[in-house]
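Trainee:
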Amino acid sequence: MNADMSNLPISAHPGSDVFVPPAYDQPHIYRQIEEILGEVTRVVSKVWPLQDYIALNPYSGIADRTFSDARAFLRVFSDCELLMPLQYYRSQYAQGHFTRADVRRAITECQQNGMTVRLSVDDVMDRLRASTSDESFHGQATTSNDRRPIRTIAELADQISPQGWSETITDELGKFCSAHYDQSQSTWSSPWKDLPFYQAWRSAALHDRNPEILGLTGFRRFVGRLPHTPSAALVKLLLHLQIPTALWESFLLCQAFQMPGWCAWAKSQDDAETQSDSEHLIGLLAARAAFEVALADVNNLRVRWDAMIAQQSATFHAPPRPAEDDTAVRMLLLRASEINHRDGILGQLTSNEPAERNRKLAQMVFCIDVRSERIRRNLESLSPEIETYGFAGFFGMPIEYVKLGQDCGNHHVPALIQPSLRLHEGLPAGVNGSESEIRAARQREGLWTRLWCSFQESAVSCFSFVETTGLLYSAKLLADSRSSKRRSGDEMQSATGPTLRGLHHQGWTTSRQADLAESMLRNLGLTDGFARLVVLCGHGSQTTNNPLAAGLDCGACGGHSGEPNARFAALLLNQTFVREILAERGIVIDNATLFLAAVHNTTTDRIEFFDLDSVPASHRGDVQELVNRTQLASENTRHERMPTVGSSSSAELQARAMDWSEVRPEWGLAGNAAFVVGPRELTRSINLDGRVFLHSYNHSADNDGSVLENIMTAPMVVAHWINMQYYASTVDNRHFGSGDKTIHNVVGGFGLLSGGGGDLMTGLPTQSIHDGTRHQHQPLRLEVIIAAPPAAIDRVLEKHPSIRELIDNQWLHLTAIDDGTCFRYAQADWCVVEVDRVTAATN
1 MNADMSNLPI SAHPGSDVFV PPAYDQPHIY RQIEEILGEV TRVVSKVWPL QDYIALNPYS
61 GIADRTFSDA RAFLRVFSDC ELLMPLQYYR SQYAQGHFTR ADVRRAITEC QQNGMTVRLS
121 VDDVMDRLRA STSDESFHGQ ATTSNDRRPI RTIAELADQI SPQGWSETIT DELGKFCSAH
181 YDQSQSTWSS PWKDLPFYQA WRSAALHDRN PEILGLTGFR RFVGRLPHTP SAALVKLLLH
241 LQIPTALWES FLLCQAFQMP GWCAWAKSQD DAETQSDSEH LIGLLAARAA FEVALADVNN
301 LRVRWDAMIA QQSATFHAPP RPAEDDTAVR MLLLRASEIN HRDGILGQLT SNEPAERNRK
361 LAQMVFCIDV RSERIRRNLE SLSPEIETYG FAGFFGMPIE YVKLGQDCGN HHVPALIQPS
421 LRLHEGLPAG VNGSESEIRA ARQREGLWTR LWCSFQESAV SCFSFVETTG LLYSAKLLAD
481 SRSSKRRSGD EMQSATGPTL RGLHHQGWTT SRQADLAESM LRNLGLTDGF ARLVVLCGHG
541 SQTTNNPLAA GLDCGACGGH SGEPNARFAA LLLNQTFVRE ILAERGIVID NATLFLAAVH
601 NTTTDRIEFF DLDSVPASHR GDVQELVNRT QLASENTRHE RMPTVGSSSS AELQARAMDW
661 SEVRPEWGLA GNAAFVVGPR ELTRSINLDG RVFLHSYNHS ADNDGSVLEN IMTAPMVVAH
721 WINMQYYAST VDNRHFGSGD KTIHNVVGGF GLLSGGGGDL MTGLPTQSIH DGTRHQHQPL
781 RLEVIIAAPP AAIDRVLEKH PSIRELIDNQ WLHLTAIDDG TCFRYAQADW CVVEVDRVTA
841 ATN
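Here it is as structure tokens:
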């Protein structure tokens, strides 16, 4: 390597072919590496497989730090960014998304949160005006970090050589991970799949000549001398590089953030395995460190670690440069944007009057998902006889749902809990048909699908398949694109569905089944005044050729449709024995009340009702009236959404669901920014633009605060995860997103690659947050607004320090509404928020 290295913390020296002896006689070093690896593992986030793809907070491992400190921490060893660039905020200011007054309030609120703010309003506005307003396609902050003190050997080598070792090492390890974790997608299986990760990699590396061809001479012999356990190998490798123990954690984190996707998957495997000695992530770090040491040895590179230590210290203590001043400005502008959105909501919430309490034709319970806001508002605008509620979309039913023809089922529960009962799909009593015939037909269909996919993916078919069937297959694709009207249809009834069979064998007695129903109703706040029709409306999406489809389904149902949960809950609540037990517990459901199940298709905004054949004659007219109104509400919702997706008609919007080439079938939860917990009277008739999670809650009926506690420790946390995933994918798509979905390829049946190799993709693709011209997601931290006295909220925070930590560290914000006055939580105190009240717009 011939380059000027005088300004780099690296130099070339004659190398040694002998390792520093392992420190087996120094057990404290092994205790130290275990502690360090525990910290590294905690910081790394995880990722779900495609079939259960749900939102995760990529910052969860650093939530014990304040938002601003977390950014500084990440940028010691990575190029991660937590803020949008100044140019973005100038564009936001020009569009009216915040004002000078919002900046003034941001400074005040940040000071109340314990932050030191040295900038005046004029300082911030001057810096904002001095920036350019040119927003790039991705519109995110540059992730280059010239002052980053900790770098990998490969990164340092790349500064003096054009070889591109950082990318090369990621590609080599990515190929191994793809094979090792393959879930029967590949025709050829790795012979070492059953070994622990590190042992499998070591065995494969002993036979793999590719690293040596790429320039790592003697790599196989080098690997053969490594210890047989990943922890011992890491100690040996770190000592060989002569890295001071003070830098071990930062160095290993630097390694992890060079391939955050595969590290996230490795951590997921560690979490999924029951044995405590699972070492997927540690094994991956050991394998990467081995490449680093081999690279250093082959090129006789030595790193001046003392310079890195000095630079790391300087990062925290040096006077701020203009770039750091920009960071403070951007932090304030983020808060100003959040305040603008919060106050816009509060000004409408606090001015709404309670609605009259009378018996309704229908009460419809939707998921808290932001996509429910539009359909709920449009339904209520059509008739005062329709009342809507917001509740977690699994409806409190912790089920694993096993479909006919399958041996095991999907978990239709939030990631925070495990299913506690197994439901089997079946035919209801009195329906003609045979379950065994349905099961056999589905198994045949599944077999042919697998065979067809295997043929398409096999090496022998690559050219012959295209040559012989390409024209015919193009006709099929064209037909798929034009068949949305035929295949999506109107509301359809499904003969099969969840049944109550087998529950007693699982220990679910009639009393326990009634417990489920009671818990749902009490947490929903619906214990009296039942309408003639109570509809539990889950939600799901409809897309084609979309590996990330689960990310558009119900997060509360584990990335699956809420249909089984809604149908099971309705079935349960229509049982006579359940109603009798509920009546003994003070919840009396009139015989005239019928529970129904439905599902909201968020891509087409159609609402499909289920099990209508079982509706008694006394209710059929009411049901038909409700179906008619939901169809009109669906059409109105589609017209409202048409401009956001660029559709010129309702039919065109619905056709996106079946278009295999459509990269933006819907916007999912883009735009999410707030979570309102309170009675519907607070938000009824207010246009919240599909940006707010809505959870029903009546504080006056929550005597012991248990309902509020459940909301703040479960749905609120899930909403925070969703918010943070959209936030992270927007501000730093390189590290926390998945790039351009048009070049995604499924790997191993569980994940995505960008192109043919490299790191595993995590987070959202750019097409989920950006329309090609501007952002469809405005990255704001979640604003939680709760209609309850601050003292009631304090009691929950005292019981759950981890929730309080999220708020204290500014990962989300909390506002209470009590008797029309708004209070903002700030470091265990409550500050009054002055709100300009406006009249809510009605439809």
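The opening position of the sequence shown corresponds to residue 1 in the UniProt record's numbering, with each subsequent residue numbered one higher.
Ideal Cβ placement from N, Cα and C applies to all residues, glycine included.
1. By alpha-carbon positions, which one of V627, A233, W667 and A633 ends up nearest to G643?
2. P398 to S420, Cα distance in whole Å?
3. For L421, write down the residues that DSSP places opposite it in a beta bridge.
4. Can you list, in chain order, the stretches of the beta strand (DSSP E) that have 3 or more residues and sit fully within the segment 616–690?
5. On the premise that L128 lies in contact with Y93, defined as a C-beta separation below 8 Å, what is that separation, rounded to the nearest angstrom?
6. State the DSSP-derived secondary structure class of V535, mapped to helix, strand or coil.
7. Nearest to A223 by alpha carbon, out of L239, N687, V235 and L206?
8. Does F73 come out as helix, strand or coil in the three-state DSSP assignment?
9. With a threshold of 6 Å on Cβ separation, who are the neighbours of V623 within its own chain once the five nearest residues in sequence on each side are excluded?
10. For residue 868, does the three-state DSSP call read helix, strand or coil?
11. Which of the three DSSP states, helix, strand or coil, is assigned to D836?
12. Mapping the DSSP letters down to three states, classify Y53 as helix, strand or coil.
13. If you count every other CB in all the chains shown that lies within 10 Å of the CB of P320, and 16 or more means buried, which is it?
14. Please name the residue or residues paired with H412 in a DSSP beta bridge.
15. Does the distance from the CB of L536 to the CB of A566 come in under 8 Å?
16. Taking Q776 and I786 to be in contact with their CB atoms under 8 Å, please state how far apart those CB atoms are, rounded to whole angstroms.
17. Using a Cβ distance threshold of 8 Å, determine whether the segment 212–223 contacts the segment 251–266, with at least three qualifying pairs required.
18. Just how far apart, CA to CA, sit L812 and V676?
19. Quick one: is V833 buried, meaning 16 or more other Cβ sit within 10 Å of its Cβ, or exposed?
20. The beta strand (DSSP E) with M761 in it runs from where to where?
21. Put Y389 into one of helix, strand or coil per three-state DSSP.
22. Drop a sphere of 10 angstroms on the beta-carbon of C822, count the other beta-carbons inside from all chains shown, and report buried for 16 or more, exposed for fewer.
23. So, with DSSP's three-state summary, where would you put Y825?
24. What's the C-alpha gap between L173 and Q767?
25. So if DSSP puts L195 in a beta bridge, which residue, or which two residues, is it bridged to?
26. Could you tell me the alpha carbon to alpha carbon distance between W48 and N545, rounded to whole angstroms?
27. In chain order, which alpha helix (DSSP H) runs of at least 4 residues are fully inside the segment 234–315?
28. Leaving aside the five residues before and after A549 along the sequence, list all residues of the same chain whose C-beta is less than 7 Å from its C-beta, in chain order.
29. What are the boundary residues of the beta strand (DSSP E) that F610 is part of?
30. Of all the options R147, A569, D69 and G344, which has the alpha carbon lying nearest to the alpha carbon of V692?
31. Have a look at D771, D122 and N340 and flag the residue whose alpha-carbon is nearest the alpha-carbon of V663.
32. Which same chain residues, not among the five before or five after F736, have their C-beta less than 6 Å away from its C-beta?
33. Within 10 Å of its beta-carbon, does H412 have 16 or more other beta-carbons around it, so buried, or fewer, so exposed?
34. Classify T576 as buried or exposed, calling it buried when 16 or more other Cβ atoms lie within 10 Å of its own Cβ.
35. With F568 and L669 assumed to form a contact (beta carbons below 8 Å), what rounded beta-carbon distance in angstroms separates them?
36. Does DSSP put S131 in a helix, a strand or coil?
Mentor: For this structure:
1. Here residue 643 is taken as the residue at index 643 of the sequence shown, counted from 1. Note on residue identity: the sequence assigns Pro, not Gly, to residue 643. Closest by alpha carbon: W667.
2. Taking the first residue of the sequence shown as position 1, residue 398 is located at position 398. Taking the first residue of the sequence shown as position 1, residue 420 is located at position 420. One Cα belongs to P398, the other to S420, and the distance between them is close to 6 Å.
3. Position 421 of the sequence shown, counted from the first residue, corresponds to residue 421. Note: L421 sits in a beta bridge opposite I399.
4. Qualifying beta strand (DSSP E) stretches, in chain order: 674–678.
5. For the purposes of this step, residue 93 is taken as residue 93 along the sequence shown, with counting starting at 1. For the purposes of this step, residue 128 is taken as residue 128 along the sequence shown, with counting starting at 1. Yes, they are in contact, since the Cβ atoms of Y93 and L128 sit about 6 Å apart, within 8 Å.
6. Within the sequence shown, numbered from 1, the residue matching residue 535 stands at position 535. V535 falls in the strand class under three-state DSSP.
7. The count along the sequence shown starts at 1 and reaches residue 223 at position 223. According to the sequence as given, residue 223 is Val; it is not Ala. From the listed residues L239, N687, V235 and L206, the smallest Cα separation to V223 is found for L206.
8. Residue 73 sits at position 73 when you count from the first residue of the sequence shown. Helix at F73.
9. The count along the sequence shown starts at 1 and reaches residue 623 at position 623. The beta carbon of V623 sits closer than 6 Å to the beta carbons of V615 from its chain, once the five residues preceding and following it are set aside; these are given in chain order.
10. Absent from the model: residue 868. The displayed extent of the chain is 1 to 843, so no value can be given.
11. To locate residue 836, count along the sequence shown from 1; it is residue 836. It is coil, neither helix nor strand.
12. The residue given as residue 53 occupies position 53 in the sequence shown. Coil at Y53, not helix or strand.
13. Indexing the sequence shown from 1 puts residue 320 at position 320. Because P320 sits at a pLDDT of 49, beneath the cut-off of 50, its placement in the model cannot be relied upon, and the following sentence gives the value as read from the coordinates. Exposed, by the Cβ-count rule.
14. Position 412 of the sequence shown, counted from the first residue, corresponds to residue 412. In DSSP, H412 forms a bridge with I399.
15. Locating residue 536 in the sequence shown gives position 536, where the first residue counts as 1. Locating residue 566 in the sequence shown gives position 566, where the first residue counts as 1. A distance below 8 Å separates the beta carbons of L536 and A566.
16. Position 776 of the sequence shown holds residue 776. Position 786 of the sequence shown holds residue 786. Actually they are not in contact, since the Cβ atoms of Q776 and I786 sit about 28 Å apart, beyond 8 Å.
17. Put simply, the segment 212–223 does not touch the segment 251–266. Fewer than three CB pairs are less than 8 Å apart.
18. The residue labelled residue 812 in the question sits at position 812 within the sequence shown. The residue labelled residue 676 in the question sits at position 676 within the sequence shown. Looking at the two C-alpha atoms, the distance is approximately 13 Å.
19. As a position in the sequence shown, residue 833 is number 833, starting the count at 1. Buried is the label assigned to V833, since at least 16 other Cβ atoms lie within 10 Å of its Cβ.
20. As a first step, residue 761 is located in the sequence shown; it is residue number 761 there, counting from the start. M761 -> no beta strand (DSSP E), and no H or E assigned at all.
21. On the sequence shown, position 389 is the one that residue 389 refers to. In the structure shown, the three-state DSSP call for Y389 is strand.
22. If you number the sequence shown from 1, residue 822 lands on position 822. The Cβ neighbour count for C822, taken over all protein chains shown within 10 Å, is at least 16; the residue is labelled buried.
23. The residue you call residue 825 lines up with position 825 of the sequence shown. Correct three-state label for Y825: strand.
24. Counting from one through the sequence shown, the residue named residue 173 turns up at place 173. Counting from one through the sequence shown, the residue named residue 767 turns up at place 767. Rounded to whole angstroms, L173 to Q767 spans 28 Å at the Cα level.
25. Here residue 195 refers to the residue found at position 195 of the sequence shown. For L195, which the question treats as bridged, DSSP gives no partner whatsoever.
26. The residue given as residue 48 occupies position 48 in the sequence shown. The residue given as residue 545 occupies position 545 in the sequence shown. Approximately 19 Å, taken between the alpha carbons.
27. 248–256, 260–272 and 280–298, all fully within the segment 234–315.
28. On the sequence shown, position 549 is the one that residue 549 refers to. Around A549: S541 and T543.
29. Residue mapping note: residue 610 aligns to position 610 of the sequence shown, counting from 1. That run of the beta strand (DSSP E) goes I607 to F610.
30. Within the sequence shown, numbered from 1, the residue matching residue 692 stands at position 692. Check the Cα spacing between V692 and each of R147, A569, D69 and G344: the tightest is with G344.
31. Taking the sequence shown and counting its residues from 1, the one referred to as residue 663 is at position 663. Ranking D771, D122 and N340 by Cα distance to V663 puts D771 first.
32. By one-based count along the sequence shown, residue 736 stands at place 736. P58, A728, S729 and G763, listed in sequence order.
33. Taking the sequence shown and counting its residues from 1, the one referred to as residue 412 is at position 412. H412 should be labelled buried.
34. Walking along the sequence shown from the start, residue 576 turns up at place 576. Under this definition T576 is an exposed residue.
35. Within the sequence shown, residue 568 is the residue found at index 568, counting from 1. Within the sequence shown, residue 669 is the residue found at index 669, counting from 1. With 8 Å as the limit, F568 and L669 do not qualify as a contact, their Cβ atoms being about 25 Å apart.
36. The count along the sequence shown starts at 1 and reaches residue 131 at position 131. Here S131 sits in coil by DSSP.
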